[in-house]
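Sequential numbering of the sequence shown, starting at 83, is according to my numbering.
The C-beta atom is built at its ideal place from N, Cα and C for all residues, glycine as well.
Note that the coordinates shown come from a computational prediction; the quantities given were computed from them, not determined experimentally.
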Amino acid sequence: ILYGIFYILLSIGIVLFLFANENYVDKKLAKWKEPLLEKIFNKYNLNKKNRKILTGIIDWFQTIFLAFIIFLLLVVFYIGNYTVPTGSMYPTIIPGERFFAEKVSYKFRAPERGEIIVFKEPINNKERYTKRLIGLPGEYVQIKNNTVYINNQKYDNGVIYYNDNTLIGNNTWKVPQKGDYIKLEDGIFLLNGRLVSLDYLRDKIEDNSELLDDIEIRGAQFLLNGNILTGPIYDREVLYELIKGNTVELDSDYYFVLGDNSINSKDSRYWGFVSEKRLIGRMLLRIWPPKRIGIVK
């Protein structure tokens, strides 16, 4: 409801600003602009010609500034401009192509299977990834015979999904959902290029939580609600507690994502789930190159 009210008010404000003949912002700005100009005119004794030039310059800067504010609002709250630098989504997305992703719909509804989502990756917590959403919160996901199975039902979208040498392997994972309890029972980790056990990592991380940035999970047993096998969660606040041996109650839903170019994609098979808190938007429109402009599916 709050999101709805916010977006309604914001949208009305932008529309009024763009299309009203004498908008509210111009009237407010005029109250301080005109006295300021008058002071400058009098101080420097400007003639009529110079006054006109200075007024035009200030009006120009005002227009540029307000246009930048509108652009910033649109980018932050409505739509983002992204590129995909890798081939993880080939042939759907070719490296170097540019896209618009809309940021509004996930504020009002849950993501749907098959959508291409943009999210902040959980490993280094820096880059934006683009993958296809496959598993929804609470579902059971498995990959066998190069095919994804959701709740033991074959999900055939025409893509071959490999599972060799991945964390999921032949296992069935339950996608975590809000309210689930997760615990790390055992595992093998890569720490600064060295394979270490959970016990070793637990001792090290107790004194230095920054080691979380240097951890890669190579094999681990995560359990939901005491006995349901699942994959890893890399979110730092959760992983830290799990490595320490604590059971964590999850405060978010999670999603299982895969790249269309399965043989060349680092995705949920390797690093687990994406929290709903990391979702940025839904890939919508390809804008470059010109010959491939169109809706992305």
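Quiz item: For the beta strand (DSSP E) that Glu267 lies in, which residues bound it at each end?
Solution: 263-273
Practice problem: Just grab the DSSP bridge partners of Gly217 for me. | Solution: Phe338
Self-check item: Same chain, Cβ closer than 8 Å to Gly261, neighbours up to 5 away in sequence not counted
Solution: Glu331, Leu332
Quiz prompt | Among Leu366, Asp238, Tyr231, Phe271, the one whose alpha carbon lies nearest that of Arg300 | solution = Phe271
Self-check item: Straight-line Cα distance separating Lys379 from Asn247
Solution: 29 Å
Quiz item: Around the Cβ of Gln224, are there at least 16 other Cβ atoms within 10 angstroms (buried) or fewer (exposed)?
Solution: buried
Quiz item: Grouping DSSP H, G and I as helix and E and B as strand, with all else coil, what is Leu321?
Solution: helix
Exercise. Inspect the beta-carbon positions of Glu209 and Arg368 and report whether they are closer than 8 Å.
Key: no
Exercise. Assess, as a yes-or-no matter, whether the region 342-350 is touched by the region 323-330 under the definition of 3 or more beta carbon pairs within less than 8 Å.
Key: no
Self-check item: Own chain residues within Cβ distance below 6 Å of Ile362, not counting five before or after
Solution: Val200, Phe201
Quiz item: In terms of residues, what are the limits of the alpha helix (DSSP H) holding Glu288?
Solution: 280-289
Quiz item: Who does Arg276 pair with in a DSSP beta bridge?
Solution: Leu273
Practice problem: Would you mind sorting Pro193 into buried or exposed? The rule is 16 or more other CB atoms within 10 Å of its CB. | Solution: buried
Self-check item: Pairwise C-alpha distance: Thr312 and Leu283
Solution: 21 Å
Quiz item: Quick one: what's Arg180 bridged to in DSSP?
Solution: Thr165, Trp370
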